[in-house]
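Just below is one structure, and these are the notes that go with it.
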Amino acid sequence: LKAGDRVVVLTDFISDSKERIELKKGHEGNVREIDNDGDISIRFDGIQKRQWVFKRHRHRISLATSNGDALPCAVTLLCDDAGGPPLCASSARGLLMRLQEDVGQEGL
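When the letters of the sequence shown are read in order and numbered with our numbering, they come out as residues 606 to 713.
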């Protein structure tokens, strides 16, 4: 992930900004910066101020793709349909998304 990348929210959560707001699944925005701690500043569509997403919540966003890559949506659906508690789904989603980043789409 780098400045300029387009991202999408994978699951509803509250931003880590001073003025926290709820980010809804499917909401998209552009990465503005990533600080030395790995925290991400994002300008979400329709939200006036940039929002911070701390590194520990990175698994709740993903690169938005325009090439038909359905992995983020598939992971979200699979985890949400698993019937486990939200933490389980969130952990599984994060693990799969990190794996995709490490090995690439083709590796999965």
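Even for Gly, the Cβ is constructed at its ideal location relative to N, Cα and C.
A distance below 7 Å between beta-carbons, with the five flanking residues on each side excluded, links arginine 637 to the following residues of its chain, in chain order: Ala608, Ser646, Ile647, Arg648 and Arg655. Across the structure, aspartate 642 and aspartate 650 are spaced so that their CA atoms are roughly 24 Å apart. Per the coordinates, the alpha-carbon of glutamate 633 lies some 7 Å from the alpha-carbon of arginine 611. From the listed residues Met702, Ile639 and Asp640, the smallest Cα separation to alanine 669 is found for Met702.
Residue pairing from DSSP leaves glycine 651 without any beta-bridge partner.
Under the three-state reduction of DSSP output, glutamate 624 falls in the coil class, being neither helix nor strand. Minimum Cα-Cα distance from serine 620 among the listed residues Leu606, Ile666 and Asp640 corresponds to Ile666. At least 8 Å separates the beta-carbon of glutamate 624 from that of aspartate 617. Cβ neighbours of lysine 629 within its own chain (closer than 8 Å, five residues either side excluded): Val614 and Asp617. For glycine 634, the enclosing beta strand (DSSP E) has its first and last residue at 633-639.
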